[in-house]
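See structure below.
2 protein chains.
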Amino acid sequence: MNQIKDKRTAILEAALKLISENGFHGTAMSKVAKEAGVSAGIIYHYFDSKDDLIDDLYRTVKRKSADTVLESYDQSRPLRAQIRQIWEDIFKYCLRHPQEVIFMEQYSTSPYYRAEVEADVSQYFTPIIACFERARQEMIIKDLPQSVIATLTLNVASSLAQKQAAGLINLTDELVERIIDALWEAIRE
Amino acid sequence: MNQIKDKRTAILEAALKLISENGFHGTAMSKVAKEAGVSAGIIYHYFDSKDDLIDDLYRTVKRKSADTVLESYDQSRPLRAQIRQIWEDIFKYCLRHPQEVIFMEQYSTSPYYRAEVEADVSQYFTPIIACFERARQEMIIKDLPQSVIATLTLNVASSLAQKQAAGLINLTDELVERIIDALWEAIRE
DNA sequence: TCATATTGTACGAACATTCAATCAGGATAA
DNA sequence: TTATCCTGATTGAATGTTCGTACAATATGA
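Residue numbers (our numbering), protein chains in the order written: chain D, 1 to 189; chain S, 1001 to 1189.
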């Protein structure tokens, strides 16, 4: 039972590493097996197909990122502090997990993308969306569509994290703070 | 001579359409040929390889997008108006050319990405970068790194355009104006 | 002894690329 | 004008490789 978990996890981790480095096309199942230290055939014991493996990986990565951000989410604080905390955690997560960021970005612009899967995983972020919705209702932030708010949070953070990973920028804690200040100015009412 | 241009262009256009719809992996050279109405072999008369074709397509698309934005760029206007005009044009371009946006996004997170190519094409946008740099020096906008400013312009616009193309949002002219207002609040000093 | 886990090989499909053969049409010579 | 030649354009089948997946065989452990 523990073996199952370990080997399955090893396969997912190997896939994440290789896909983030070489893309979907550049990542053969045989290479995933080699990286994970298992035989080629065993992958099909745990996953139906390459599509299924990638679906699972996407759900897993999204789940983990949501859990990390929600871990320090404290609904009792003032809304403005909640939003800033969410942003900080998203930035922190993206900067610490470049492989995940690159993979998620690749997934969402690839043929592996399935709206059904996206609909599922977006539910992980329900509390965050609810937080912004509350702020909107209380007229603390501008009356902009959720997707615009999401772009200014998730997409900006992941774009910057990718640039950091590529060495195009050096995102210090202080700079991240200033970016969050700027984003707050953007959405505050 | 004219034939050469036409067939080459047809191949590039076919590649753009198919790659934006099916990704790099899902786009076989034979399919590009079929879509372009030419034989499979002729592609190698105009391009060295699939890599070379994709490089060329990326440069072409970037060039076109830069030209479109720079067309209505008027250096004599006040800096704030210049920046708003640039944003408007970028949004307009992204919303009108979803295939190009999706392709560019895919390219930059794919194994086809080459820093050397990116360095080349980024020069097309020199006047735009200079505009923001001037605004920064005159302390009209915040003292943030170029890459952060770029993220808040190009990346936000292209992310939103992708969501629009996917039907997740309806970006009316009025909404785009409000987003630009918000972005301006983010970067203004 | 039986179910599950694991291996490594093998198969068929898809793919990028090559190439010998053909075509088109302009230049040249008679 | 007509015939000949030549060069680049174009074709489509062939090639060699890679890949996803299936599977028969073996190991493991309860």
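Idealized CB from N, CA, C, for every residue including glycine. Note that the structure is predicted; figures quoted are calculated from it, not measured.
Go ahead and pull the three-state DSSP assignment for residue i.
i       : result
R1114/S : coil
L1086/S : Here the sequence assigns Ile to residue 1086/S, which means Leu is not the residue at that position. Three-state DSSP puts I1086/S in a helix.
R1008/S : helix
I128/D  : helix
H97/D   : coil
A1036/S : helix
T1027/S : coil
N1170/S : coil
D1056/S : helix
R77/D   : coil
T1109/S : coil
M1001/S : Low confidence applies to M1001/S: its pLDDT is 38, below 50, so where it sits in the model is not reliable enough to give any reading.
D120/D  : helix
D48/D   : coil
S72/D   : coil
A1179/S : Per the sequence presented here, residue 1179/S reads as Ile, with Ala not at that position. Helix at I1179/S.
I1102/S : helix
I1149/S : helix
I42/D   : coil
Would you call the CB atoms of residue i and residue j closer than 8 Å?
i       : j       : result
T1151/S : L160/D  : yes
V156/D  : L175/D  : no
S49/D   : A40/D   : no
L1012/S : D1067/S : no
V1069/S : I1102/S : no
E1189/S : I1141/S : yes
I42/D   : K92/D   : no
L1171/S : Q1162/S : no
E1116/S : L1079/S : no
I128/D  : I187/D  : no
C1131/S : I1083/S : yes
Y107/D  : Y58/D   : yes
S1147/S : I19/D   : no
V1061/S : E1100/S : yes
E185/D  : E1185/S : yes
L1144/S : R178/D  : yes
D1052/S : Y1112/S : no
When we look at the beta-carbon of residue i and count the other beta-carbons within 10 Å, is it buried (16 or more) or exposed?
i       : result
C94/D   : buried
S1122/S : exposed
Y44/D   : exposed
D173/D  : exposed
A15/D   : buried
M104/D  : buried
T1109/S : buried
A33/D   : buried
R1063/S : exposed
T1027/S : buried
G1023/S : buried
E252/D  : Past the edges of chain D, shown from 1 to 189, lies residue 252/D, and the structure says nothing about it.
T1126/S : exposed
S76/D   : exposed
L1021/S : Reading off the sequence shown, one finds Glu at residue 1021/S, where the question assumed Leu. The residue is exposed, with fewer than 16 neighbouring Cβ atoms inside 10 Å.
R1096/S : exposed
N1002/S : Confidence is the limiting factor: at N1002/S the pLDDT is only 43, short of 50, which leaves the residue's position unreliable, though a coordinate-based value still follows. Burial call: exposed.
A1081/S : exposed
A1119/S : exposed
G1167/S : exposed
List the DSSP bridge partners of residue i.
i      : result
R188/D : I141/D
Can you determine whether any heavy atom of the ligand SAM sits closer than 7 Å to the C-beta of residue i, and answer yes or no?
i       : result
W1184/S : Absence of the ligand SAM is noted for the structure shown, with no ligands found whatsoever.
### Query
For the region 1014 to 1045 of chain S, which residues have a CB atom closer than 7 Å to at least one CB atom of chain D, in sequence order?
N1022, G1023, F1024, H1025, G1026
#### Entry: Interface residues of the region 1104 to 1133 of chain S facing chain D [CB-CB below 7 Å]
E1105, Q1106, T1109, S1110, P1111
### Residues within the region 147 to 158 of chain D neighbouring chain S, beta-carbon criterion of under 8 Å
S147, V148, T151, L152, N155, V156
### Message
To be precise: take each residue of the region 45 to 63 of chain D, compare its Cβ to all Cβ atoms of chain S, and keep it if any distance is under 9 Å. Which residues remain?
### Response
none
### Query
If contact means a Cβ-Cβ distance below 9 Å, which residues of the region 1173 to 1189 of chain S contact chain D?
L1175, R1178, I1179, D1181, A1182, L1183, W1184, E1185, A1186, I1187, R1188
### Members of the region 59 to 93 of chain D that neighbour chain S once the beta carbon cut-off is set at 9 Å
none
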